[in-house]
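So the sequences go chain by chain: R and F. First residue of the first sequence: 217, per this note's numbering; consecutive thereafter. First residue of the second sequence: 217, per this note's numbering; consecutive thereafter. Beta carbons are placed, not taken as given, at the ideal position from N, Cα and C, and that holds for glycine.
There are 2 protein chains.
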Amino acid sequence: MTTSENKPYLRIATEEAFATKEQLALFKRVLDQPNVDKGFAHLMGFYMSSPSERAQHIMRCLVDLDELRIAHMDASGIDIQVLALTSPGAQIMDRETAVSFIPNANDELAEAIKRHPTRFAGMVALAPQDPAASAKELQRCADLYGMRSAVINSHTQGEYLSDKKFWPIFEAAEALNMPIYLHPNSLPAQMIDPFIEAGLDGAIYGFGVETGLHALRIITSGVFDQFPNLKMVLGHMGEALPFWAYRLDYMHNATVRSKRYEAIQPTKRKPSEYLKENFYITNSGVAWGPALQFTQAFMGTDRVLYAMDYPYQYLPEEVDMLEQVDMTPEVKRQFFQDNAVKVFDLKI
Amino acid sequence: MTTSENKPYLRIATEEAFATKEQLALFKRVLDQPNVDKGFAHLMGFYMSSPSERAQHIMRCLVDLDELRIAHMDASGIDIQVLALTSPGAQIMDRETAVSFIPNANDELAEAIKRHPTRFAGMVALAPQDPAASAKELQRCADLYGMRSAVINSHTQGEYLSDKKFWPIFEAAEALNMPIYLHPNSLPAQMIDPFIEAGLDGAIYGFGVETGLHALRIITSGVFDQFPNLKMVLGHMGEALPFWAYRLDYMHNATVRSKRYEAIQPTKRKPSEYLKENFYITNSGVAWGPALQFTQAFMGTDRVLYAMDYPYQYLPEEVDMLEQVDMTPEVKRQFFQDNAVKVFDLKI
Chain R
217 MTTSENKPYL RIATEEAFAT KEQLALFKRV LDQPNVDKGF AHLMGFYMSS
267 PSERAQHIMR CLVDLDELRI AHMDASGIDI QVLALTSPGA QIMDRETAVS
317 FIPNANDELA EAIKRHPTRF AGMVALAPQD PAASAKELQR CADLYGMRSA
367 VINSHTQGEY LSDKKFWPIF EAAEALNMPI YLHPNSLPAQ MIDPFIEAGL
417 DGAIYGFGVE TGLHALRIIT SGVFDQFPNL KMVLGHMGEA LPFWAYRLDY
467 MHNATVRSKR YEAIQPTKRK PSEYLKENFY ITNSGVAWGP ALQFTQAFMG
517 TDRVLYAMDY PYQYLPEEVD MLEQVDMTPE VKRQFFQDNA VKVFDLKI
Chain F
217 MTTSENKPYL RIATEEAFAT KEQLALFKRV LDQPNVDKGF AHLMGFYMSS
267 PSERAQHIMR CLVDLDELRI AHMDASGIDI QVLALTSPGA QIMDRETAVS
317 FIPNANDELA EAIKRHPTRF AGMVALAPQD PAASAKELQR CADLYGMRSA
367 VINSHTQGEY LSDKKFWPIF EAAEALNMPI YLHPNSLPAQ MIDPFIEAGL
417 DGAIYGFGVE TGLHALRIIT SGVFDQFPNL KMVLGHMGEA LPFWAYRLDY
467 MHNATVRSKR YEAIQPTKRK PSEYLKENFY ITNSGVAWGP ALQFTQAFMG
517 TDRVLYAMDY PYQYLPEEVD MLEQVDMTPE VKRQFFQDNA VKVFDLKI
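If you want it as structure tokens, here you go:
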């Protein structure tokens with residue numbers, strides 16, 4: 217690492233978005249359809265067409281996997297970005313389009329890593345619309361490119377990974393020991409209205425609660441009883457689930473006992489135990505000491521990783537802000553470097 | 217207080233539910249209608265008909281404002297309950313029924329307080345369906361009974377208090393210096409499906425995120441710029457909003473700048489500042505030291521209050537669990553007694 221010579225550890229950012237030109241062209245095609253999904257139209261439709269400074273910045277940065285991005289990394293003290301195809305990846309596309317597009321996106325990612333092997337690593341993008349194809353794509357990218365993790369952008373057109381039809385993806389991820397980063401998506405039509413009418417469907421609140429819901433659905437559906445070695449990653453300080461842990465455990469137990477829902481059956485462990493034993497958490501979007509320290513105390517310092525959420529959140533001073541948080545040098549090294557190396561199996 | 221003789225402070229629980237027989241009869245009438253609201257049917261419909269021990273316990277306790285309740289308070293070390301008509305109060309009823317029912321409920325509450333003046337206090341129940349009638353009911357209960365606070369159970373049939381048509385309620389509450397407790401409701405039809413199909417619409421998760429959404433809608437709509445002295449109370453450790461504070465501020469600012477939503481306009485202060493200056497937070501349902509201490513550090517120890525959430529959460533050992541949390545005697549006294557006395561203007 218060229219920028220690491222005077223540092224005790226590398227700063228590795230682990231939830232950093234990019235887009236390919238093909239992806240944006242396919243997004244454009246979706247946006248031009250009648251009855252386009254409201255959340256997608258309002259999110260990517262906005263970024264792809266707004267003249268606002270924020271939207272223009274995001275679009276410019278998303279497609280750059282060379283000079284501009286690396287200049288921003290240098291300006292903010294980031295040594296390595298772990299890249300993920302920007303949300304919703306291929307999950308808004310029809311199944312056939314998604315399955316044929318995904319390998320191209322992963323090939324482009326592999327090319328970028330090859331051009332800048334000391335600066336970039338990446339997660340495999342998937343088309344959960346086809347679980348069998350997703351399992352194969354995990355294997356292909358592991359074999360061909362040595363990729364060691366994957367990203368799924370929450371729900372796929374209103375469907376959740378708690379549905380057993382998706383479990384071949386978990387089966388493959390567990391077998392290949394590839395963690396899955398559960399990244400936010402725009403809210404599904406089935407729940408967006410009370411959020412979007414108030415402008416709260418996005419990163420300010422809606423993303424967090426919908427991705428938290430998804431993680432809880434995975435936990436309570438028994439995924440980790442079936443796949444005990446499956447690892448998942450949650451961004452945005454665990455989408456606040458660590459803060460909810462006591463209530464999740466108490467009410468899960470109460471709900472199981474009341475037999476109120478077919479969907480809530482006994483699990484081997486408490487929800488909080490799956491959180492602590494099957495998940496890793498990044499602080500993407502939350503550069504704030506109190507929430508970071510709470511999460512480290514809950515999860516253990518070996519399970520909380522740094523992420524910036526570039527380019528949606530690009531604050532050149534963010535690394536310095538986090539360096540000021542009261543952590544021992546050992547914990548800082550875990551947070552900025554060691555945990556990322558372990559979770560994403562990086563060769564540094 | 218008979219139970220306080222050997223204690224340095226009273227234990228006051230501030231989000232404790234009761235029901236009147238008339239309310240349950242009106243609920244039954246709503247439940248018998250075709251096309252009844254899904255969330256209400258699944259929540260009160262379940263409690264009012266299930267043979268499960270949990271449901272039977274809840275129904276038995278809700279309607280008791282005498283011996284059983286006081287025995288449970290004694291068994292759990294609670295000196296005073298601040299009572300609130302159980303969710304959704306009158307908010308599921310048609311406007312005419314709600315407006316005619318509400319004074320009866322408040323009269324019954326006043327009677328119970330008169331029977332047990334050292335053990336009960338209470339919040340005024342409202343029918344937000346009629347904002348003008350709600351403002352009058354606040355005044356009536358303040359004048360007639362000396363009641364000093366009110367409760368609203370989140371959305372009213374899918375409508376939120378961020379809508380200016382409801383603001384006469386805030387105007388009256390501010391003028392009378394009566395805090396409004398924003399209590400959860402079952403999820404509105406517009407967002408319940410992804411939660412209820414997984415059994416996560418209730419207290420385990422759905423209540424929290426919907427009430428948090430409501431509080432954010434109130435904050436971002438400018439209510440506190442219009443009514444700067446309005447006080448509100450949030451339960452369940454602030455519905456996790458303190459944990460989200462950094463992201464709320466960052467993304468609110470980004471959203472204002474991007475001009476992405478008509479609904480998100482500049483406000484005088486940051487979302488987190490309204491949280492800290494216009495809200496009080498109770499720990500209802502969260503008897504857990506780490507989340508309590510985080511919230512006290514964020515809000516100040518003078519803004520975090522004890523609540524049990526009886527009878528939905530009835531854990532006789534809960535007060536003792538919280539007495540074990542590392543707090544100074546002064547902070548324990550604030551948490552269990554002084555803050556409740558101040559917020560609910562109790563005469564102890």
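Span of the beta strand (DSSP E), counted from its first residue to its last, around residue i
i	result
residue 552 (chain F)	Element bounds for residue 552 (chain F): n/a, residue is neither H nor E.
residue 399 (chain F)	396 to 399
residue 338 (chain F)	336 to 338
residue 495 (chain R)	495 to 498
Distance between beta carbons of residue j and residue i, contact taken as under 8 Å
i	j	result
residue 463 (chain F)	residue 420 (chain R)	7 Å
residue 537 (chain R)	residue 502 (chain R)	Incorrect: roughly 11 Å between the Cβ atoms, too far for contact.
residue 465 (chain R)	residue 492 (chain R)	At roughly 11 Å, the Cβ-Cβ gap does not stay under 8 Å, so residue 465 (chain R) and residue 492 (chain R) are not in contact.
residue 354 (chain R)	residue 388 (chain R)	5 Å
residue 337 (chain R)	residue 294 (chain R)	The pair is not a contact, with the Cβ atoms about 12 Å apart (cut-off 8 Å).
residue 351 (chain R)	residue 279 (chain R)	The Cβ separation is near 29 Å, so there is no contact.
residue 339 (chain R)	residue 397 (chain R)	6 Å
residue 243 (chain F)	residue 459 (chain R)	With 8 Å as the limit, residue 243 (chain F) and residue 459 (chain R) do not qualify as a contact, their Cβ atoms being about 32 Å apart.
Nearest-angstrom Cα separation, counted from residue j out to residue i
i	j	result
residue 219 (chain F)	residue 525 (chain F)	Residue confidence for residue 219 (chain F) is low, a pLDDT of 43 falling below 50, so the modelled location carries little weight; the figure read from the coordinates is stated next. When rounded, the distance between both Cα atoms is 20 Å.
residue 433 (chain R)	residue 414 (chain F)	6 Å
residue 367 (chain R)	residue 300 (chain R)	7 Å
residue 439 (chain F)	residue 383 (chain F)	8 Å
residue 510 (chain F)	residue 450 (chain R)	21 Å
residue 217 (chain F)	residue 292 (chain F)	Confidence is the limiting factor: at residue 217 (chain F) the pLDDT is only 42, short of 50, which leaves the residue's position unreliable, though a coordinate-based value still follows. C-alpha separation (whole angstroms): 15 Å.
residue 233 (chain F)	residue 276 (chain F)	12 Å
residue 513 (chain R)	residue 447 (chain R)	20 Å
residue 457 (chain R)	residue 499 (chain R)	13 Å
residue 482 (chain F)	residue 377 (chain F)	19 Å
residue 369 (chain F)	residue 546 (chain F)	32 Å
residue 272 (chain R)	residue 404 (chain F)	36 Å
residue 476 (chain R)	residue 348 (chain F)	38 Å
residue 268 (chain F)	residue 406 (chain F)	29 Å
residue 423 (chain R)	residue 422 (chain F)	14 Å
residue 553 (chain F)	residue 426 (chain R)	36 Å
residue 303 (chain F)	residue 286 (chain F)	21 Å
residue 335 (chain R)	residue 362 (chain R)	16 Å
residue 430 (chain F)	residue 494 (chain F)	15 Å
residue 478 (chain F)	residue 333 (chain R)	44 Å
residue 305 (chain R)	residue 542 (chain F)	46 Å
residue 535 (chain F)	residue 227 (chain F)	8 Å
residue 249 (chain F)	residue 311 (chain F)	16 Å
First through last residue of the alpha helix (DSSP H) which encompasses residue i
i	result
residue 467 (chain R)	457 to 474
residue 510 (chain R)	505 to 515
residue 443 (chain R)	Here residue 443 (chain R) belongs to no alpha helix (DSSP H), and DSSP marks it neither H nor E.
residue 243 (chain F)	237 to 247
residue 355 (chain F)	347 to 361
residue 286 (chain F)	283 to 292
residue 322 (chain F)	311 to 331
Nearest residue (CA-CA) to residue i, options the options
i	options	result
residue 316 (chain F)	F:449, F:302, F:249 and F:239	F:239
residue 379 (chain F)	F:345, F:559 and F:259	F:345
residue 533 (chain R)	R:394, R:353 and R:504	R:504
residue 489 (chain F)	F:348, F:269 and F:516	F:516
residue 246 (chain R)	R:272, R:544, R:313 and R:552	R:313
residue 358 (chain F)	F:263, F:322, F:473 and F:282	F:322
residue 374 (chain R)	R:385, R:401 and R:540	R:401
residue 555 (chain R)	R:540, R:543 and R:520	R:520
residue 471 (chain R)	F:319, F:227 and F:270	F:270
residue 307 (chain F)	F:289, F:343 and F:281	F:343
residue 562 (chain R)	R:395, R:467, R:264 and R:391	R:395
residue 255 (chain F)	F:479, F:416, F:551 and F:223	F:416
Cβ of residue i within 7 Å of any chain C Cβ
i	result
residue 475 (chain F)	Annotation note: the requested chain C is absent from the structure, which comprises protein chains R and F.
Against chain R: residues of the segment 508 to 522 of chain F by CB proximity under 8 Å: Residues of the segment 508 to 522 of chain F with a Cβ closer than 8 Å to any Cβ of chain R, in chain order: 510, 513 and 514.
Residues from the segment 433 to 456 of chain F in contact with chain R, defined by Cβ distance under 9 Å: 433, 436, 437, 452, 453 and 456
Within 8 Å of chain R by C-beta, residues of the segment 270 to 287 of chain F in sequence order: 270 and 271
Within 9 Å of chain R by C-beta, residues of the segment 298 to 309 of chain F in sequence order: none
Proximal residues, the segment 228 to 239 of chain R versus chain F, C-beta separation under 9 Å: none
Contacting positions in the segment 387 to 405 of chain F - beta carbon closer than 9 Å to chain R: 403 and 404
Residues, ordered as in the chain, of the segment 476 to 502 of chain R that lie near chain F by beta-carbon distance below 8 Å: 476, 477, 478, 479, 480, 501 and 502
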